[in-house]
Amino acid sequence: MPAHIDLHRSHFDETERPLVEMGTIAVSTFRYACGIEALRIRNARGEIIVLPFKGQQIWRAQFDGRDLTMKSMFDAPVDTRVYLETYGAFMIHCGLTGLGAPGPSDNHPLHGELPNAPFQKAWLELDEAGTRLTICGSYHHTMAFSSNYNATARICMEEDSALLDVSLSVENLKQTPMDLMYLAHANFRPADHGVLHYTARYNAESVRVRRSVPAHISPEPDYMAFIEQLAQDPLLHHHLDPALAFDPEVVFSIDMLADTAGKAHAIQRHPSGSADYISYQPSQAPICMRWICRTPDQDGLGIGFPSTSEVEGYTAEKAKGNVVALAGGDVWHIDICMGLLTAAEADEIEAKIERVRNT
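All residue numbers for the sequence shown refer to the working numbering, where the first residue is 8 and numbers rise by one.
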């Protein structure tokens, strides 16, 4: 029968210890020197490191001998809730009462309260066949005169797959509506001469580069000239030529198209033929953000961030009509698939992307 294992902070110390094994799936617990608890989950293809009580971040992901995670200046997470003071995870849930860079009239932190939220509960679910493990966690957020919600996150890993099923459910515990914003910040490592394929029209109307400069970055003088080039011809960024100046970052807003199953797809095709992959339902997250950062210290690629809005902060996005109004007692939910495709799997997805684009 299926099994349920509650996780407690006492299960974690600086010595890594096995917790559970089933087939080719193995889970161990450890604690970083800063005190943050971590789970290492292995399967036949690789491993992930999850921070069960810290935003339920996927700190690292490695499959088929390749590190999927962006390069950053952080070798380990830091015990802080400030977004840029502990940066470099593979997957970060962002939101929920604010999102993006706060504008002059906003009081929310960069990307909201969720990225490093202290989850109160965490547990494991094991299926009856012993081939699928789910890491779960919940975070209850209450702010007087403002918000009261419960967020439940899940990461599902199968014994022989390099793909992860990630989900988040948010229940509004108030009797009145809640303003909700969400973005899944999935940070792959760019491949020199990698090629981007995705289910969208490849034109300036559907792939829009951000022209504003948020306060947390300081671009070089020629940055805006590059942005204007991308605004006129977004196809310039599809081939990740190391000479392209994604420094410190370039952000796009993309109108994704869905296939007959209601899913959008995006890949970074590596020169080896394998691919990094993300898929989601635009009906759950109508806006796709793309983020590229290529500097000597940080090298990251958000192939496609499923999002409820763009990233100009609560006030600006509210004015655009991009903030979800979640009724009292209602639940908002999102499902995302991310990870690595073999060359054969990548061929199939690339062909599917082309069919969607040409429909």
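Ideal placement from N, C-alpha and C gives every residue a C-beta, glycine not left out.
- Beta-bridge annotation (DSSP): Pro289 is not paired with any residue.
- Looking only at Leu58, Leu140, Gln305, the smallest Cα-Cα distance to Glu28 is reached by Leu140.
- Look at Asp354 here: in three-state DSSP terms it is helix.
- For Leu247, the secondary structure class from DSSP, reduced to helix, strand or coil, is coil.
- For the segment 16-50, the continuous beta strand (DSSP E) assignments of 3+ residues that do not extend past its boundaries occur at 24-29, 32-38, 44-49, in sequence order.
- Taking the C-beta atoms as reference points, Ile294 is found no nearer than 8 Å to Trp130.
- In this structure, Val318 places its C-beta atom within 8 Å of the C-beta atom of Ala108.
- Apart from the 5 residues on each side of it in sequence, Ile32 sits with its Cβ closer than 6 Å to the Cβ of Asn50, Leu140, Glu166 in its chain, given in chain order.
- For Ala323, the enclosing alpha helix (DSSP H) has its first and last residue at 321-327.
- In this structure, Phe195 lies away from Gln64, with their beta-carbon atoms at least 8 Å apart.
- The residue among Leu103, Gly346, Leu171 with its C-alpha nearest the C-alpha of Ser154 is Leu103.
- By the criterion of a C-beta distance shorter than 6 Å, Asp186 is surrounded in its chain by Val330, once the five residues flanking it on both sides are discounted.
- Sequence-distant partners of Glu132 (beyond 5 residues in either direction) whose C-beta falls short of 7 Å from its own C-beta, in its chain, are Pro9, His11, Thr141, Cys143.
- Non-local beta-carbon contacts of Leu242 in its own chain, meaning distances under 7 Å to residues more than five positions away in sequence, involve Tyr209 in chain order.
- Around the beta carbon of Cys163, 16 or more other beta carbons sit within 10 angstroms, so the residue counts as buried.
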